[in-house]
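Numbering (our numbering), first residue to last: 5 to 257.
Built from N, CA and C at the ideal position, the CB exists for glycine as well.
These numbers come from a predicted model, not from an experiment.
Contents: one structure, followed by commentary.
Okay, here's the thing in structure tokens:
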């Protein structure tokens, strides 16, 4: 361990020691951004960057476990990412599949897919479904893996699901118009039954949501971190929690 690493470790312990666990967010959403730029800066390939980003996930979940976080949503692949060239997209999907398998095999996390399965290759769909089934009984952190995810797509899918459900019940359009509400739509989101994210973290210095959890993040706090995702450290995570705990959430009041 070099001197710089030692200083960071000591600083992380200091920040953690001052952290109020009663003010820790219960649900954290993370936009895992900057893999390719990290790889470019390091002289590596995009695939190496994505793999380094995938390897960081287990560390993050360990930190969340230590600080009593209950739900983590990881944006691993957006609907827009399907526009990437085939030579990058295919290896990225394999990395995601291996990551999801490892999360399920860990035995501590309850894996839940959020996104549109129909957009994904059959093998990726199978991995996600098997991970959900294998971890459904685990009483640990819920890990939402957002793969093939888009915020607008989620809302469209929720409305479609709502309409299909009430059509099957024989509900008329007029009757549905009378009962439709934000709560009713929320029951059809990918994250139904879960608390909305208290805190959304985005790495790489970009300060935008890019469509991440548009519905659920209406009252979320945001934390934008300059560091690229593969270089995200425990001290960066603790700073985000410290920043969150210092804010006064008014929910529009």
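Could you tell me the boundaries of the alpha helix (DSSP H) in which residue 51 lies? 50-70
Quick check on the DSSP output: the beta strand (DSSP E) that includes residue 82 runs from which residue to which? 75-82
Are the Cβ atoms of residue 216 and residue 79 separated by less than 8 Å? In contact: residue 216 and residue 79 (Cβ atoms closer than 8 Å).
Could you tell me if residue 201 is buried or exposed, where buried requires 16 or more neighbouring beta carbons within 10 angstroms of its beta carbon? buried
Can you give me the Cβ contacts of residue 226 inside the same chain, cut-off strictly under 6 Å, excluding the 5 residues immediately before and after it? 204
In the structure shown, what three-state DSSP assignment does residue 248 receive? helix
What residue range is occupied by the uninterrupted alpha helix (DSSP H) comprising residue 91? 90-110
Contacting residues, own chain, Cβ-Cβ under 6 Å from residue 4 (five flanking each side not counted): Nothing in the structure corresponds to residue 4, since the chain is present only between 5 and 257.
If we count Cβ pairs, one from each stretch, closer than 8 Å, do we get three or more for the segment 77-92 versus the segment 154-162? yes
Presumed contact (8 Å Cβ cut-off) between residue 130 and residue 115, rounded CB distance: The Cβ separation is near 14 Å, so there is no contact.
Can you tell me the Cα-Cα spacing of residue 90 and residue 108, whole angstroms? If I take the Cα positions, the gap works out to 27 Å.
Between the CA atoms of residue 61 and residue 95 - distance to the nearest angstrom: Cα-Cα distance, rounded: 18 Å.
Residue 236 bridges to which residues according to DSSP? Per DSSP, none; premise fails for residue 236.
Please state whether DSSP places residue 11 in a helix, a strand or coil. Note on residue 11: pLDDT 49, under 50, position unreliable in the model; no value is reported.
Just to check my reading of the structure: residue 189 and residue 163 have Cβ atoms closer than 8 Å, yes? What is that Cβ distance to the nearest angstrom? Taking a contact as a CB-CB distance under 8 Å, the pair residue 189 and residue 163 counts as one, their CB atoms being some 7 Å apart.
Roughly how many angstroms separate the alpha carbons of residue 123 and residue 177, rounded to a whole number? 29 Å
Is DSSP giving residue 134 helix, strand or coil here? helix
Apart from the five residues just before and just after residue 229, which ones in its own chain have a Cβ nearer than 6 Å to its Cβ? 207 and 240
Tell me which same chain residues have a C-beta within less than 7 Å of the C-beta of residue 73, skipping the five on either side of it? 28, 29, 30, 32 and 145
In whole angstroms, give me the CA-to-CA distance for residue 148 and residue 75. 8 Å
Per DSSP, the bridge partner or partners of residue 34: Residue 34 pairs with 78 and 205.
Can you check whether the CB of residue 233 is closer than 8 Å to the CB of residue 42? yes
Using a Cβ-Cβ cutoff of less than 8 Å, which residues in the same chain neighbour residue 37 once the five nearest sequence positions on both sides are dropped? 206, 207, 208, 210, 232 and 233
Provide the residue span of the beta strand (DSSP E) that contains residue 152, from first to last. 146-153
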